[in-house]
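Basically the numbering used here = 1-based index in the sequence shown + 34.
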Amino acid sequence: MITLRVLGTSVTLLECLRVRAEQELGIHLVYQVHDVEQAQRIAVMQPDSYDLYDQWFHNVDFVWPARAIQPIDTRRIALWHEINDLPKRGRLSANDRLGSGSVPSERLFVQHDGSLGSTVTERISMLPLTHNADSFAYRPERLPEGFRPDNESWGWLLDPAWRARTALQSDAAIGALDAALAVQGAGLARFKDIGNMSIEEIDVLADILVRKQKEGHFAAFWSDDEEAAQLMLSPNIDIQSLWSPTLMRLHRAGVKYRLAVPREGYRAWFGGLSLSRHAQGPVLDAAYAYLNWWLSGWPGAVMARQGYYIGNPARSRDHLSSAEWDYWYAGQPAREELLGSDSLPLIDIGDVRDGGSYEQRMGHIAVWNSVMDEHNYLVRRWGDILRAGLKNFPRR
Numbered sequence: 035m036i037t038l039r040v041l042g043t044s045v046t047l048l049e050c051l052r053v054r055a056e057q058e059l060g061i062h063l064v065y066q067v068h069d070v071e072q073a074q075r076i077a078v079m080q081p082d083s084y085d086l087y088d089q090w091f092h093n094v095d096f097v098w099p100a101r102a103i104q105p106i107d108t109r110r111i112a113l114w115h116e117i118n119d120l121p122k123r124g125r126l127s128a129n130d131r132l133g134s135g136s137v138p139s140e141r142l143f144v145q146h147d148g149s150l151g152s153t154v155t156e157r158i159s160m161l162p163l164t165h166n167a168d169s170f171a172y173r174p175e176r177l178p179e180g181f182r183p184d185n186e187s188w189g190w191l192l193d194p195a196w197r198a199r200t201a202l203q204s205d206a207a208i209g210a211l212d213a214a215l216a217v218q219g220a221g222l223a224r225f226k227d228i229g230n231m232s233i234e235e236i237d238v239l240a241d242i243l244v245r246k247q248k249e250g251h252f253a254a255f256w257s258d259d260e261e262a263a264q265l266m267l268s269p270n271i272d273i274q275s276l277w278s279p280t281l282m283r284l285h286r287a288g289v290k291y292r293l294a295v296p297r298e299g300y301r302a303w304f305g306g307l308s309l310s311r312h313a314q315g316p317v318l319d320a321a322y323a324y325l326n327w328w329l330s331g332w333p334g335a336v337m338a339r340q341g342y343y344i345g346n347p348a349r350s351r352d353h354l355s356s357a358e359w360d361y362w363y364a365g366q367p368a369r370e371e372l373l374g375s376d377s378l379p380l381i382d383i384g385d386v387r388d389g390g391s392y393e394q395r396m397g398h399i400a401v402w403n404s405v406m407d408e409h410n411y412l413v414r415r416w417g418d419i420l421r422a423g424l425k426n427f428p429r430r
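This is how it looks when you write it as structure tokens:
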């Protein structure tokens, strides 16, 4: 039996998916689950340790130049034509705003000279699959005076009204974008391209955040879903950047929260699967079978129950009840109690997804998760920011 090793994070490497894929594909699947930074490091430095890399399009900016992954032949992807325009053209509709940052379409297609770009070819860097629009969540019952849910802004994350009750994501490539959106939303600075800041702009961002840290503004920085959930469940955190699985966990714990719809737009991400450069022969064939399986409908339905979208939604609609589709994709109130990806009750009757429909949410993107040209410098300055607050609130 072929063994397929998949490197990634807890975002998509779910046990129910592994078991179902093994059953349907007749292979042995090993999920190598790490935090964001460790998965990325292994992907770049140890491509012989995995066969498929499951992470996000901005990570392609690391693994492709390192020649850790090989092109995917779209002629071997049976449902390639069903994947919508969001990853292929950068937006669902021509009227949608085109977010800045590491736009998936700009690093999707392998060009004839071996570089990546948006010109359509038959070879791609990553099969586009799971995606979402992220922002921040807050406890509505603790909303400071003068704040209104119909006027939400990333700037709230830096407002003194939330001092010592705010948390951010710790990964520089993601947390810095949330912070930059907050700085800009608060009117503290403007950035020419928030997804690709210059050294001078990074310094402006870092200096503002270091000052905030020394004032004790941030209570914590989190690295994974578990940490984020524990923070939001504590009495000390009222507002923080969050990912969808954490929101689901809070919902189930009975914690009332609201996922903000920032007037500036969301920070979006697009995940997928890439082939290790070492995958060949029967292992490569099994890897392609796994790629195709992800587009077959059932995996996308599981992702929907996590609050995520899939690249070919129509196929997953066949595996969702009409009530599930209307809640997760159409933005309508839940007509019945809905189950989560673990088959336990999650969404109550009458609940409405914050932000509306799939088209509304993915049409309101300010920036995509990004690897900036000055990423290394950003990482160094991000370290300064994290260290600046240690005397006040030790990093958890």
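Quick reminder that beta carbons are idealized off the backbone N, C-alpha and C, glycines included.
- Query: Are the C-beta of residue 411 and some C-beta of chain C separated by less than 7 angstroms?
  - Reply: In the structure shown, chain C cannot be found, because there is only a single protein chain.
- Message: Relative to the C-alpha of residue 217, which candidate in 234, 239 and 196 has its C-alpha closest?
- Response: Here residue 217 corresponds to residue number 183 of the sequence shown, with the count starting at 1. Looking at the Cα atoms, 239 is the closest of the given residues.
- Item | Where the alpha helix (DSSP H) through residue 315 begins and ends | As a position in the sequence shown, residue 315 is number 281, starting the count at 1. For residue 315, the enclosing alpha helix (DSSP H) covers residues 315 to 328.
- Task: Answer yes or no: do residue 222 and residue 242 have a C-beta to C-beta separation smaller than 7 angstroms?
- Result: Here the question's residue 222 lines up with position 188 in the sequence shown. Here the question's residue 242 lines up with position 208 in the sequence shown. Contact: yes.
- Query: Under the three-state reduction of DSSP, which class applies to residue 169: helix, strand or coil?
  - Reply: Indexing the sequence shown from 1 puts residue 169 at position 135. DSSP places residue 169 in strand when its eight states are reduced to three.
- Give the single residue among 120, 286, 99 and 75 whose Cα lies nearest to the Cα of residue 378. Mapped onto the sequence shown, residue 378 falls at position 344. Minimum Cα distance to residue 378 is reached at 286.
- Task: Report the three-state DSSP secondary structure of residue 88 (helix, strand or coil).
- Result: Counting from 1 along the sequence shown, the entry for residue 88 is found at position 54. In the structure shown, residue 88 sits in a strand (DSSP, three-state: E or B).
- Give the straight-line distance between the Cα atoms of residue 69 and residue 36, rounded to the nearest whole angstrom. Here residue 69 refers to the residue found at position 35 of the sequence shown. Here residue 36 refers to the residue found at position 2 of the sequence shown. So the alpha carbons of these two residues sit roughly 26 angstroms apart.
- Query: When the distance is taken between beta carbons, is residue 393 closer than 7 angstroms to residue 120?
  - Reply: For the purposes of this step, residue 120 is taken as residue 86 along the sequence shown, with counting starting at 1. For the purposes of this step, residue 393 is taken as residue 359 along the sequence shown, with counting starting at 1. Against a cut-off of 7 angstroms, the Cβ pair of residue 393 and residue 120 comes out as no contact.
- The beta strand (DSSP E) enclosing residue 269, as first and last residue numbers: As a first step, residue 269 must be located in the sequence shown, where it is residue number 235. Run containing residue 269: none; DSSP gives neither H nor E here.
- Heavy atom of the ligand COA less than 6 angstroms from the Cβ of residue 313, yes or no? Judged by which ligands are present, the structure shown has none, so any question about the ligand COA falls away.
- Write down the C-beta distance between residue 97 and residue 141 rounded to the nearest angstrom, noting that I regard them as a contact closer than 8 angstroms. If you number the sequence shown from 1, residue 97 lands on position 63. If you number the sequence shown from 1, residue 141 lands on position 107. At roughly 11 angstroms, the Cβ-Cβ gap does not stay under 8 angstroms, so residue 97 and residue 141 are not in contact.
- Query: So, using beta-carbon positions, are residue 229 and residue 134 closer together than 7 angstroms?
  - Reply: Along the sequence shown, one-based indexing puts residue 229 at 195. Along the sequence shown, one-based indexing puts residue 134 at 100. Yes; because the gap between Cβ atoms is below 7 angstroms, this pair is in contact.
- Query: How long is the line joining the alpha carbons of residue 429 and residue 186, rounded to whole angstroms?
  - Reply: By one-based count along the sequence shown, residue 429 stands at place 395. By one-based count along the sequence shown, residue 186 stands at place 152. Note on residue 429: pLDDT 42, under 50, position unreliable in the model; the coordinate value appears next. So the two alpha carbons sit approximately 27 angstroms from each other.
- Could you give the residue range of the alpha helix (DSSP H) that holds residue 280? The residue you call residue 280 lines up with position 246 of the sequence shown. From DSSP, the alpha helix (DSSP H) with residue 280 extends over 278 to 286.
- Message: Taking 6 angstroms as the limit between beta carbons, can you name the residues of its chain near residue 124, skipping five residues before and five after?
- Response: Your numbering for residue 124 matches position 90 in the sequence shown. Annotation for residue 124: 132, 137 and 139 place their beta carbon closer than 6 angstroms to its own, counting only its chain and skipping 5 residues before and after.
- Evaluate contact between the segment 276 to 296 and the segment 55 to 70, counting only Cβ atoms and requiring at least three cross-stretch pairs below 8 angstroms. At 8 angstroms Cβ cutoff, the stretches do not touch.
- Message: I'd like to know if the segment 167 to 182 and the segment 99 to 119 are in contact, where contact means that at least 3 CB-CB pairs between them fall below 8 angstroms.
- Response: Flag = no, the segment 167 to 182 and the segment 99 to 119 do not touch.
- Item | Residues that residue 2 bridges to, as DSSP identifies them | As displayed, the chain neither begins before 35 nor continues past 430, which places residue 2 out of reach and without an answer.
- Which residues DSSP lists as bridging residue 33, in chain order: Nothing about residue 33 can be read from this structure; the chain reaches only from 35 to 430.
- Identify every residue that forms a DSSP beta bridge with residue 37. The residue labelled residue 37 in the question sits at position 3 within the sequence shown. Here residue 37 is bridged, per DSSP, to 62.
- Item | Enclosing alpha helix (DSSP H) for residue 301 [first to last residue] | The residue given as residue 301 occupies position 267 in the sequence shown. Counting along the chain, residue 301 falls outside any alpha helix (DSSP H), though it belongs to the beta strand (DSSP E) covering 300 to 310.
- By how many angstroms is the C-alpha of residue 45 removed from the C-alpha of residue 422? If you number the sequence shown from 1, residue 422 lands on position 388. If you number the sequence shown from 1, residue 45 lands on position 11. Distance between the alpha carbons of residue 422 and residue 45 is about 29 angstroms.
- Does the pairing of the segment 306 to 313 with the segment 75 to 89 give three or more beta-carbon distances under 8 angstroms? The segment 306 to 313, when compared against the segment 75 to 89, does touch it at the 8 angstroms Cβ threshold.
- Query: In whole angstroms, what is the alpha-carbon distance linking residue 271 and residue 51?
  - Reply: One-based indexing of the sequence shown puts residue 271 at position 237. One-based indexing of the sequence shown puts residue 51 at position 17. Using only the alpha carbons, I get a separation of about 32 angstroms.
- With 16 as the cutoff for other CB atoms within 10 Å, does residue 43 come out buried or exposed? For this step, residue 43 is matched to residue 9 along the sequence shown. Buried, by the Cβ-count rule.
- Item | Inter-residue spacing [alpha-carbon to alpha-carbon] between residue 382 and residue 214 | Here residue 382 refers to the residue found at position 348 of the sequence shown. Here residue 214 refers to the residue found at position 180 of the sequence shown. The straight-line gap from Cα to Cα measures roughly 35 angstroms.
- Indicate whether residue 114 and residue 403 have their beta-carbon atoms separated by less than 7 angstroms. Taking the sequence shown and counting its residues from 1, one reaches residue 114 at position 80. Taking the sequence shown and counting its residues from 1, one reaches residue 403 at position 369. No, Cβ-Cβ distance for residue 114 and residue 403 is not below 7 angstroms.
- Query: Where does residue 225 fall in DSSP's three states?
  - Reply: Against the sequence shown, residue 225 aligns to sequence position 191. In the structure shown, residue 225 sits in coil (DSSP, three-state: anything other than H, G, I, E or B).
- residue 333 to residue 317 span [Cα, whole Å]: Against the sequence shown, residue 333 aligns to sequence position 299. Against the sequence shown, residue 317 aligns to sequence position 283. Rounded to the nearest whole angstrom, the C-alpha separation of residue 333 and residue 317 is 21 angstroms.
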